[in-house]
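Protein chains in written order, with my numbering: chain A, 15 to 318; chain B, 15 to 318; chain C, 15 to 318.
For glycine and all other residues, C-beta sits at the position ideal for the given N, C-alpha and C.
Treat the numbers as computed from the prediction; the structure is a model and nothing was measured.
Read through the structure below, which is laid out as structure tokens, and then see the notes.
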Amino acid sequence: MNLLEQLCKIHAPAGNEKMLSDFLINYIEQHKVQWKVKPEVLYGDEFQDCILLVFGKPKTAIFAHMDSIGFTVRYGNQLVTIGGPDVKTGYKLVGEDEQGPIECTLTYDAEEGELTYEYAREIERGTELVFKCDFRETEESVQSCYLDNRLGVWSALQVAETLENGIIAFSCWEEHGGGSVSYLSRYMYEQYGVKQGLISDITWVTEGVQPGKGVVISLRDSLIPRRSYVQRIVAIAREAGVPYQLEVEGGGGSDAKELQRSHYPWDWCFVGAPEDNVHSPDEIVHKADIASMVSLYKVLMEKL
Amino acid sequence: MNLLEQLCKIHAPAGNEKMLSDFLINYIEQHKVQWKVKPEVLYGDEFQDCILLVFGKPKTAIFAHMDSIGFTVRYGNQLVTIGGPDVKTGYKLVGEDEQGPIECTLTYDAEEGELTYEYAREIERGTELVFKCDFRETEESVQSCYLDNRLGVWSALQVAETLENGIIAFSCWEEHGGGSVSYLSRYMYEQYGVKQGLISDITWVTEGVQPGKGVVISLRDSLIPRRSYVQRIVAIAREAGVPYQLEVEGGGGSDAKELQRSHYPWDWCFVGAPEDNVHSPDEIVHKADIASMVSLYKVLMEKL
Amino acid sequence: MNLLEQLCKIHAPAGNEKMLSDFLINYIEQHKVQWKVKPEVLYGDEFQDCILLVFGKPKTAIFAHMDSIGFTVRYGNQLVTIGGPDVKTGYKLVGEDEQGPIECTLTYDAEEGELTYEYAREIERGTELVFKCDFRETEESVQSCYLDNRLGVWSALQVAETLENGIIAFSCWEEHGGGSVSYLSRYMYEQYGVKQGLISDITWVTEGVQPGKGVVISLRDSLIPRRSYVQRIVAIAREAGVPYQLEVEGGGGSDAKELQRSHYPWDWCFVGAPEDNVHSPDEIVHKADIASMVSLYKVLMEKL
Chain A
15 MNLLEQLCKI
25 HAPAGNEKML
35 SDFLINYIEQ
45 HKVQWKVKPE
55 VLYGDEFQDC
65 ILLVFGKPKT
75 AIFAHMDSIG
85 FTVRYGNQLV
95 TIGGPDVKTG
105 YKLVGEDEQG
115 PIECTLTYDA
125 EEGELTYEYA
135 REIERGTELV
145 FKCDFRETEE
155 SVQSCYLDNR
165 LGVWSALQVA
175 ETLENGIIAF
185 SCWEEHGGGS
195 VSYLSRYMYE
205 QYGVKQGLIS
215 DITWVTEGVQ
225 PGKGVVISLR
235 DSLIPRRSYV
245 QRIVAIAREA
255 GVPYQLEVEG
265 GGGSDAKELQ
275 RSHYPWDWCF
285 VGAPEDNVHS
295 PDEIVHKADI
305 ASMVSLYKVL
315 MEKL
Chain B
15 MNLLEQLCKI
25 HAPAGNEKML
35 SDFLINYIEQ
45 HKVQWKVKPE
55 VLYGDEFQDC
65 ILLVFGKPKT
75 AIFAHMDSIG
85 FTVRYGNQLV
95 TIGGPDVKTG
105 YKLVGEDEQG
115 PIECTLTYDA
125 EEGELTYEYA
135 REIERGTELV
145 FKCDFRETEE
155 SVQSCYLDNR
165 LGVWSALQVA
175 ETLENGIIAF
185 SCWEEHGGGS
195 VSYLSRYMYE
205 QYGVKQGLIS
215 DITWVTEGVQ
225 PGKGVVISLR
235 DSLIPRRSYV
245 QRIVAIAREA
255 GVPYQLEVEG
265 GGGSDAKELQ
275 RSHYPWDWCF
285 VGAPEDNVHS
295 PDEIVHKADI
305 ASMVSLYKVL
315 MEKL
Chain C
15 MNLLEQLCKI
25 HAPAGNEKML
35 SDFLINYIEQ
45 HKVQWKVKPE
55 VLYGDEFQDC
65 ILLVFGKPKT
75 AIFAHMDSIG
85 FTVRYGNQLV
95 TIGGPDVKTG
105 YKLVGEDEQG
115 PIECTLTYDA
125 EEGELTYEYA
135 REIERGTELV
145 FKCDFRETEE
155 SVQSCYLDNR
165 LGVWSALQVA
175 ETLENGIIAF
185 SCWEEHGGGS
195 VSYLSRYMYE
205 QYGVKQGLIS
215 DITWVTEGVQ
225 PGKGVVISLR
235 DSLIPRRSYV
245 QRIVAIAREA
255 GVPYQLEVEG
265 GGGSDAKELQ
275 RSHYPWDWCF
285 VGAPEDNVHS
295 PDEIVHKADI
305 ASMVSLYKVL
315 MEKL
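In structure tokens, the structure reads:
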């Protein structure tokens, strides 16, 4: 989990994923020699800050978003949200402007709905602030800000080690309006004919989805995936004997939104571990669910 | 109207249009020999569950969505909506899970905003339920759930009988976020240069649109089509002497949303009969409006 | 500012930009001989009512939307909005239907939220009404309806005079759901490999953005542009010594929405003068901000 901790600490709010992207490119270049199949690594100008790993003859793509929620400094000491962070007075926020590194405190006035920071000096307009990482690990769980979605990224990297055929896409902006999966999905479809997607992301513990009961296969959220595709995934999970839970929600979304609305006939399904304390500095995930997440992805990338 | 009744009874909530798609492919293969022009019938993996009928040298495409509104079983006896169904305690819902066919009753708690079902046993998570079909026909009207949009599909099949040039597209997901017209419209534009769209769907009876007064040409809904295109359609209708009504709304939408936002320069216009008791088991449409809908489509596909 | 006044007076609500498009094509054909580089002028059926000017070897595109907010006549004397106009009883509205030119008065019933017009006769269903133009110029400012975005169009035309490499796109529907930038951006990317966008539009005076303090570079609105791109723009502005202000908002949007969601990897940044009395007949912009807007665009089109 050392790698996961490193990932959680990298500054990468939506729109500024550059540092995490650079870290991953480095990691991949260093480790790919030990992987079962050495993927083609695609990045650079045509992909903005995204990364594609292409293994063998791909049929299915894993999408893991790199970006996190956070805050942008507005005018005075006001803050505007990046994505939908949990807001509570006292949360520690970190960032950097031209005057140097920053560690400040969030203040939330629920009555006025106002978000501000407390800090010794004024922070430059437009500076991004993210939760300060306090990574905690027990025998049973990991806890930190940004398990959503550094854990989805981490899981994809585990899958990469033995992957023979498939694509892994590290995407941007998922937490704030999307914007990269549209062009990534076009590229994959046009270059490789790939149109099966799996969303490697973190979902919510609810009354129907409990920690430790296995990776979640989502039957729907605010959008509804094509039923026949989702049913194939459930059947593969069942046959493989990997612990899994079925989710049914009316809200929420993921990188899949862009696949659903794509000009190319993509199928998609959200497959990921559930977390509690969503979008807070204290996101917590059960290790058993992480294990079944990685296991299920390995099976799916082979059989789907 | 026997065909319409059959269409209304087929289970095809958004995301699971397979059965209606199969029915239509069968119907088309059986009947196309009697049609004036035998279309190319496109379906299969590259089109998910959609169908394209390509007649002659197409210039204009009809879009008729196959999917319906409905409900997904969540946890316990909770329901989540598919699209925006009318909800009233007592509505009969039907579906099927691994334990067999289901006929249950909808309960709506308006205070809590909670939707549940009443049934002798627990229904499997993720099962889709739709309104039970009670098809009623009089001399003047048809009444059933899902006239929206089985009537739009039915009308397109009538038009198919004599169509010489054009495309008919049977689409998916219209009631719940869209997702198929994006790729269908790309395909049509790239393969055939087609970029004129007509939305064969059902609209609402309002203070400005009355039953029996003719098919509706919508000048706008939540989106605004290009005025010059809509004006051409109105001029053709006027010249042809087909009864029609002009609609102007600030809300509502259709498959046209995806044409409007397309990467290809599509024009679109909604042309369809109005119904009362929208999205309920008792949708009702005047037969005169059905007749003028079919008539207007025949003229438009020739002259537009 | 005579040209600006002419632009402000042309009827071009979202969806019916034809008259402004025709005016611009005329203007461009007449004036391009005096420009430093004669652009290729692209318009016609494949571009609906949009226009593209392609200069030299383009790397960056300016997007200036032609359309305005307004009202559509519904049933009786009801009105439906086009985009988000300011509504106040007494505003003068103009338009035309088959019975002739119209000048009527807006009535807004805040309690019922109802918009109606007062006029001697009933106006035909679907007729578009826009604010009556009262163009006012002082030494310091211009004031009129529709500075948003005739000023963005006007600024782009100033830039055109000396532009050597780049594209200027005049777009449609920005005020009401978008719909043209999607296909324009695809075309530019496919034909010219262009994927750097600048949004030539008008923003708001706020507590952080004041009239007369320079053109606004927006660091974000409801969407977040890629940080590295925006930082390059700020650096160029700083180095060039053009007066500018940085904006940070949580709401609002522009033609950039379609670039962000594009199937092609576009970068974008909103760069434009701020106005007060937004979306009213009395929009006002400081002349110093107009001057710095034109200056900054000239530098950016060269250095970006």
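How close, in whole Å, do the beta carbons of Ser199(A) and Phe284(A) come, if the pair is a contact with beta carbons under 8 Å?
-> Counting from 1 along the first sequence, the entry for residue 199(A) is found at position 185. Counting from 1 along the first sequence, the entry for residue 284(A) is found at position 270. Incorrect: roughly 15 Å between the Cβ atoms, too far for contact.
How would you label Gly265(B), buried or exposed, when you count the other beta carbons within 10 angstroms and need 16 or more for buried?
-> Here residue 265(B) is taken as the residue at index 251 of the second sequence, counted from 1. Exposed, since its Cβ has fewer than 16 Cβ neighbours within 10 Å.
Nearest to Asn163(B) (by Cα), restricted to the options Asp81(B), Glu117(B), Gly207(B) and Leu66(B) | What you label residue 163(B) is simply residue 149 of the second sequence in a count that begins at 1. Checked all of Asp81(B), Glu117(B), Gly207(B) and Leu66(B); the closest Cα to Asn163(B) is Asp81(B).
Count the other CB atoms within 10 Å of the CB of Asp59(B); is the residue buried (16 or more) or exposed (fewer)?
-> Numbered from its first residue, the second sequence carries residue 59(B) at position 45. So Asp59(B) counts as exposed.
Leaving aside the five residues before and after Ser268(C) along the sequence, list all residues of the same chain whose C-beta is less than 6 Å from its C-beta, in chain order.
-> As a working mapping, residue 268(C) is identified with position 254 in the third sequence. Once the five neighbours on either side are set aside, the close Cβ partners of Ser268(C) are Ile213, Asp215 and Phe284.
Chain B contact residues for Glu112(C), given Cβ-Cβ distances below 9 Å = Position 98 of the third sequence holds residue 112(C). Ordered by position in chain B, no residue passes the 9 Å Cβ test against Glu112(C), which lies about 11 Å from the chain.
Counting contacts by CB-CB distance shorter than 8 Å, is Thr86(C) in contact with chain B?
-> For the purposes of this step, residue 86(C) is taken as residue 72 along the third sequence, with counting starting at 1. Taking Cβ atoms only, chain B reaches closer than 8 Å to Thr86(C), which makes this a yes.
So, does the CB of Lys317(B) fall closer than 8 Å to a CB anywhere in chain A?
-> Locating residue 317(B) in the second sequence gives position 303, where the first residue counts as 1. Answer no: the Cβ-Cβ gap between Lys317(B) and chain A never drops below 8 Å.
Trp168(C) - containing beta strand (DSSP E), residue span | Walking along the third sequence from the start, residue 168(C) turns up at place 154. Here Trp168(C) belongs to no beta strand (DSSP E); instead the alpha helix (DSSP H) covers Leu161 to Ala174.
Look at the alpha carbon of Pro330(B) and the alpha carbon of Ile76(B), and state the distance between them as a whole number of angstroms.
-> In the structure displayed, chain B extends from 15 to 318; residue 330(B) sits before or after that span and is not available.
Would you decide whether Ala249(C) is buried or exposed? Buried here means 16 or more other CB atoms lie within 10 Å of its CB.
-> Numbered from 1 along the third sequence, position 235 holds the residue referred to as residue 249(C). Ala249(C) is exposed by the Cβ-count criterion.
Start and end of the beta strand (DSSP E) containing Gln259(A)?
-> Within the first sequence, residue 259(A) is the residue found at index 245, counting from 1. Note, Gln259(A): beta strand (DSSP E), Tyr258 to Val262.
How far does the alpha helix (DSSP H) with Phe37(C) in it reach, from first residue to last?
-> Sequence index remark: in the third sequence, residue 37(C) carries index 23 (1-based). Counting along the chain, the alpha helix (DSSP H) containing Phe37(C) begins and ends at Lys32 to His45.
Starting from Tyr57(A), trace the alpha helix (DSSP H) both ways and give me its first and last residue.
-> The sequence position of residue 57(A) within the first sequence is 43, counting from 1. No alpha helix (DSSP H) holds Tyr57(A); DSSP gives it neither H nor E.
To the nearest angstrom, how far is it from the Cα of Pro239(C) to the Cα of Trp282(C)?
-> Against the third sequence, residue 239(C) aligns to sequence position 225. Against the third sequence, residue 282(C) aligns to sequence position 268. Rounded to the nearest angstrom, the two C-alpha atoms are 6 Å apart.
Work out the CA separation of Thr176(C) and Gln20(C) for me, nearest whole Å.
-> Counting from 1 along the third sequence, the entry for residue 20(C) is found at position 6. Counting from 1 along the third sequence, the entry for residue 176(C) is found at position 162. So the two alpha carbons sit approximately 22 Å from each other.
Meets three-Cβ-pair contact criterion under 8 Å: the segment 285-298 of chain A and the segment 142-160 of chain B = no
Going along the segment 28-40 of chain B in order, which residues come within less than 9 Å of chain A, judged by CB to CB distance?
-> Ala28, Gly29, Asn30, Glu31 and Lys32
So, is the C-beta of Thr95(C) closer than 8 Å to a C-beta in chain B?
-> Within the third sequence, residue 95(C) is the residue found at index 81, counting from 1. True, the Cβ-Cβ gap to chain B drops below 8 Å.
Output the distance between the C-alpha atoms of Thr217(A) and Lys317(C), rounded to the nearest integer angstrom.
-> Mapped onto the first sequence, residue 217(A) falls at position 203. Mapped onto the third sequence, residue 317(C) falls at position 303. Rounded to the nearest angstrom, the two C-alpha atoms are 44 Å apart.
Compare the beta carbon distance of Lys301(C) and Ser155(C) with 8 Å and say whether it is the shorter of the two.
-> Stepping through the third sequence from its first residue, residue 301(C) is reached at position 287. Stepping through the third sequence from its first residue, residue 155(C) is reached at position 141. For Lys301(C) and Ser155(C), yes; Cβs fall inside 8 Å.
Under a three-way DSSP split, which group does Ser82(A) fall into?
-> Here residue 82(A) is taken as the residue at index 68 of the first sequence, counted from 1. Strand.
Hey, how far is the Cα of Thr74(B) from the Cα of Val208(B)?
-> Here residue 74(B) refers to the residue found at position 60 of the second sequence. Here residue 208(B) refers to the residue found at position 194 of the second sequence. Rounded to whole angstroms, Thr74(B) to Val208(B) spans 6 Å at the Cα level.
For Lys271(C), count neighbouring C-beta atoms within 10 Å of its own C-beta (all shown protein chains included) and say buried if the count is 16 or more, exposed if not.
-> Position 257 of the third sequence, counted from the start, is the residue given in the question as residue 271(C). Answer is buried; the Cβ neighbour count reaches 16.
Cβ of Glu277(C) within 8 Å of any chain B Cβ | Here residue 277(C) refers to the residue found at position 263 of the third sequence. According to the sequence displayed, residue 277(C) carries His and not Glu. Yes, its Cβ sits closer than 8 Å to a Cβ of chain B.
Residues within the segment 181-197 of chain A neighbouring chain C, beta-carbon criterion of under 9 Å | Cys186, Trp187, His190, Gly191, Gly192, Gly193, Ser194, Ser196 and Tyr197
Applying the criterion that 16 or more other CB atoms from any shown protein chain within 10 Å of the CB defines a buried residue, is Ala28(B) buried or exposed?
-> Start at 1 with the first residue of the second sequence, and residue 28(B) comes out as number 14. The residue is buried, with at least 16 neighbouring Cβ atoms inside 10 Å.
Rounded to a whole number of angstroms, what is the C-alpha to C-alpha distance between Ala26(B) and Ile181(C)?
-> For the purposes of this step, residue 26(B) is taken as the residue at position 12 of the second sequence. For the purposes of this step, residue 181(C) is taken as the residue at position 167 of the third sequence. Each residue's Cα considered, the two are about 46 Å apart.
Determine the burial state of Asp235(B): buried for a count of at least 16 other Cβ atoms within 10 Å of its Cβ, exposed for fewer.
-> Here the question's residue 235(B) lines up with position 221 in the second sequence. Buried, by the Cβ-count rule.
Anything in chain A within Cβ reach of Arg234(C), meaning under 8 Å, just list it in chain order.
-> The residue labelled residue 234(C) in the question sits at position 220 within the third sequence. Here the neighbours are Gly29, Thr86, Val94 and Gly140.
Taking Cβ positions only, does Gln20(B) come closer than 8 Å to chain C?
-> Looking up residue 20(B) in the second sequence gives position 6. Output row for Gln20(B): interface = no.
Could you check what DSSP says for Arg139(A) in three-state terms: helix, strand or coil?
-> Taking the first residue of the first sequence as position 1, residue 139(A) is located at position 125. Coil, per DSSP.
Anything in the segment 239-261 of chain C with a Cβ closer than 7 Å to a Cβ of chain A? List those residues in chain order, please.
-> Pro239, Arg240, Arg241, Ser242 and Leu260
Mind checking His45(B): buried by the 16 CB within 10 Å criterion, or exposed?
-> By one-based count along the second sequence, residue 45(B) stands at place 31. Burial call: exposed.
Nearest chain B C-beta to Arg135(C) closer than 8 Å, yes or no?
-> Within the third sequence, the letter at position 121 stands for residue 135(C). So, not an interface residue.
Determine the burial state of Val94(A): buried for a count of at least 16 other Cβ atoms within 10 Å of its Cβ, exposed for fewer.
-> Mapped onto the first sequence, residue 94(A) falls at position 80. Val94(A) should be labelled buried.
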